[in-house]
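In what follows, a structure is listed as structure tokens, so that the remarks can point back to it.
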Amino acid sequence: MVMKRIGVFICHCGRNIAGTVDVKKVAEEIGKREDVAIATTYVFMCSEPGQKLIEDSIKKYDLDGVVVANCSPTLHERTMRNAAARAGLNPYRVEIANIREQCSWPHENEPEKATDKAIRIINATIEKLKANASLEPIEVPVIRRALVIGGGVAGIQAALDLADSGIETILVEREPSIGGNMFRLSETFPTLDCPQCILTPKMNDVANHPNIKLYTYSEIEDVSGYMGNFKVKIKKKATYVDWDKCTGCGECMKVCPAYALSEYDFGMAKRKAIYIQNEQAVPLKAVIDENKCIKLQFDKKVREGKIKPKKHVRICEKCVDVCDAQAIHFKNNEEIIEEEVGAIIVATGFEVMPAEKFPELGGHYPDVVTALQFERLLAPSGPTNGIPRRPSDGKIPKRIAFIHCVGSRDPEHGVPYCSRICCMYLIKQATLYRHAVPDGEAYAFYIDIRSNGKGYEEFYERSKEEYGVVYIRGKVGKVYKVGDKYRVQAVDTLTGRVIEMDVDMVVLATAAVASKGIKELAKKLRIPYDEWGWLKEVHLKLRPLETPVAGIFIAGTAQFIKDITDTVSEASGAAAKAMAMLSKPKLEKEPLLAKVDPEICAGCGRCKEVCPYGAIDIDPRRHVAVVNEALCEGCGACSANCPTTAIQVVNFKKPQIINMVDVLAEVF
Amino acid sequence: MNEEKEKEFEPVIVGFFCNWCTSAAADMAGTARLHYPPSIRPIRVMCSSTVDPVYLIRALQEGADATILGGCHPGDCHYINGNYKARRRVAIVKTVLKSLGFDDERILLEWISGSEGPKFARVMNEYTELIKKKGPSDFKYIDSLGGD
Ligand code: FES
């Protein structure tokens, strides 16, 4: 069983490995082993001739195992396994020794030690490989349905693409309407399209598509399963309105006496306790905000025993009186729905940091707003009908300061990264403002202008030449109130002059961050994210749409902030990825799963206790553990808990790891 | 290189890094050319929960001056809750080691996520420094502790 004719293939990776590690010496040392039939090097093992070398050697030396010493297994493990398979060697008899990311690169200044370490890593890998079993991938069925989480432009595009290709698609949005951030924008740069006009057709397509099941005002409660076979629990939040009956006429909103700040307008306007998110909402249905509705609040207090119920007295219920459709029932209609899907696309989007986070820039004043809030003040569909007015007194501002990079590129107060879209939307906002208020003055305070998209630089030039927006290269240190104006203090970094300017309003381009709740959702999906909540892709350059969990993809700004063009392209890309997966009749699952040796197993059940997937059962008759291969994911928690080594993960068996340890722990 | 430097104690540290987080962080650190001592010797395991305490002991026994177990942050384990199991096991091994009179700081449990390349390099450097100060482990000279 133990391999005796192993081939070791050491990659130079150009100079990436060979520039530090003495690959010749490594090959020489490894070649001395009795169980190694050939140890050789090549400049790029992943290249076609490199793979050919492996294939030929397998045949020539009748190899029974292969170690490729190159880059991280996340990159080329599959390449090398496929090469071996082509030469007739079971792909699971190939192991990767990572001597680039975990050796030559971090130790680039210590070539000798890196060489020794590379030898050691390869030796340890050989020790593991020697006891590897030949395996066949496990075939799993595929459910030809997809789930898209998030109903912004990314989710809409992805859902439409999937549905058009004949895949039944479930779109889940937590707000009452789809549309997301894009639908709230004034106009889009650099074309100055009206987002409502260009997005509503797509939104309606979603609503009417025979292959799309739309759940708005809904959230993901739980996700289990694996690629091709996910089980999803979706919580439909309580609307207190029967949506089958609601016609979206909006009469209820007119009579409702209770108010709240409108989420749709980012707090720039009020809405009622019963509300339809906006006039073009999809679906056009009313929901009741249980925290604001007078009746529901009253009912709640009664339930909690805080007040006594009043018999025969109606509490408010004004909306009921005007609802001809009799849709309002005040019943908590929260519901959990279960769906099964084969692929999931996460398109949860972004939000911006609140202005209040920047008190030194006056973020706590009503007339100092975030750029997303200002979008609403500029939007023809917004609370001011597209002519911006100050939130404090409703006056039209005659001079506005637009401040770039608030919290972006500023690890101390915000985030270290550039939020990418702010330069362009502030240019757009200044332009639109000058258009709406021709005698108004627009001043932009920037660090750098980043206008790197099709038509972007031209748009920037136009804002200066045609609309007279004044750009000041300078960092704003302070904004404070003087009378009913706001004083902006900045240093012009081109001239070194200190600038003080009184303005009527301030727009802050606050840093973009991942949308609220993303971390909780990511945990349910078991996909990784960074400290700001951006989802982590498998490879930033080459696999930006995939998460490390097979079958879960990312679209749009959930991965990182980007503009609409890129978002839409990515959404189509993620949909295509999902389609490619769902179009296969069967999927292959890694066979690296737990396996029980019934000869040793005493049926104690300690493995069953720690299995996170409920994949292990104790056979009552034989009194041994049995593993359900469909559920097992191969984490190995069971093996560490087994007192007798009866349960082990194939090709990660205890003796294999111990042998690796012995090689690596040894002192030189 | 002068002789003194050559003789400087370089602790051998065996690391067990989970595939989804800490191994990914190690790859990221390498890609960014962040430096840490070559005496860190990595083993990729699927999850921190698969690391049997025996592995840690074995490493110390076979010559390592310290061991690191690296997993995903609590709540972020790719296999739902494997890292909690690892945390419990490590706590037990440490207690046992301590009660036997050995230095339990020679086993380190760290949460390093896949996006924390810089943290990976920092932890490796700092831990190496700590073990350097402590000097070679005397654990490896005990061969009566049973093997497999
Ligand atoms: S996968 Fe990283 S700790 Fe479980």
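Just so you know, the protein sequences line up as chains A and B, in that order.
The opening position of the first sequence corresponds to residue 685 in the working numbering, with each subsequent residue numbered one higher.
The opening position of the second sequence corresponds to residue 19 in the working numbering, with each subsequent residue numbered one higher.
Note that beta-carbon positions come from the ideal geometry of N, C-alpha and C, so glycine has one too.
Unbroken alpha helix (DSSP H) runs of no fewer than 4 residues, entirely contained in the region 72–151 of chain B, are found at 100–117, following chain order. Here DSSP, grouped into helix, strand and coil, assigns G691 of chain A to strand. Across the region 90–112 of chain B, CB contacts with chain A closer than 9 Å involve C90, G93, D94, C95, H96, Y97, I98, N99, G100, K103, A104, R107, in sequence order along the chain. In the DSSP assignment, K744 of chain A falls within the alpha helix (DSSP H) that extends over 732–745.
Residues of chain A whose Cβ lies closer than 7 Å to the Cβ of L52 of chain B are, in chain order, P790. A heavy atom of the ligand FES is found nearer than 6 Å to the CB of S66 of chain B.
Taking a C-beta cut-off of 8 Å against chain B, the contacting residues of the region 746–760 of chain A are S756, P757, T758, listed in chain order. Its Cα nearest to that of V826 of chain A, the residue A:P1269 stands out among A:P1269, A:I1284, A:R1306.
Around the beta-carbon of Q1010 of chain A, fewer than 16 other beta-carbon atoms lie within 10 Å, marking it exposed. One finds nothing in chain A with a Cβ atom closer than 7 Å to the Cβ of I86 of chain B; even the nearest lies about 12 Å away. Counting along the chain, the unbroken beta strand (DSSP E) around C1089 of chain A starts and ends at 1083–1090.
Taking 6 Å as the cut-off, the C-beta of N700 of chain A does not count as close to any heavy atom of the ligand FES. Counted as a single uninterrupted DSSP element, the alpha helix (DSSP H) harbouring S1253 of chain A occupies residues 1248–1266. Considering only beta carbons, the part of the region 1308–1321 of chain A lying closer than 7 Å to chain B consists of E1317, G1318, C1319, G1320, A1321, in chain order. Taking 8 Å as the upper bound for CB-CB distance, V1172 of chain A and A1085 of chain A are in contact here, some 5 Å apart.
In the structure shown, D1005 of chain A falls within a helical segment according to DSSP collapsed to helix, strand and coil. Per DSSP, C36 of chain B is one residue of the beta strand (DSSP E) stretching across 31–36. For the C-beta of V1187 of chain A, not a single chain B residue is nearer than 8 Å; the gap to the nearest is close to 39 Å.
With a cutoff of 6 Å, W129 of chain B does not count as near the ligand FES, since its C-beta is closer than that to no heavy atom of the ligand. Under the 7 Å criterion on CB atoms, D1346 of chain A is classed as interfacial with respect to chain B. If you compare the alpha carbons of A:E871, A:N816, A:N895 with that of R829 of chain A, the shortest gap goes to A:N895. Taken atom to atom, the span from the alpha-carbon of E792 of chain A to that of A802 of chain A is near 12 Å. Taking 7 Å as the cut-off, the beta carbon of P71 of chain B is found closer than this to the beta carbon of R107 of chain B.
Boundaries of the alpha helix (DSSP H) around G48 of chain B: 40–49.
Going by beta carbons, E1254 of chain A and A1242 of chain A fall outside the 7 Å limit.
Here E1018 of chain A is exposed: its Cβ has fewer than 16 other Cβ atoms, across all protein chains shown, within 10 Å.
With a threshold of 16 other beta carbon atoms within 10 Å, V997 of chain A falls short and is exposed. Assignment of K994 of chain A by DSSP, reduced to helix, strand and coil, places it in the coil class. If only uninterrupted beta strand (DSSP E) runs of at least 3 residues are considered, those enclosed by the region 742–827 of chain A are 749–754, 778–782, 822–825. The alpha-carbon separation between R62 of chain B and F1014 of chain A amounts to approximately 55 Å. In terms of Cβ geometry, C36 of chain B and S57 of chain B do not form a close pair [threshold 7 Å].
For P1339 of chain A, the enclosing alpha helix (DSSP H) stretches over residues 1338–1349. Contact note: S1323 of chain A reaches chain B through T68, D70, using a C-beta cutoff of 8 Å and chain order. Just measuring C-alpha positions, the residue of B:H96, B:K152, B:N99, B:L127 sitting nearest V111 of chain B is B:L127.
One thing to note: I862 of chain A has its Cβ no nearer than 7 Å to the Cβ of V692 of chain A. The DSSP-derived three-state label of L846 of chain A is helix.
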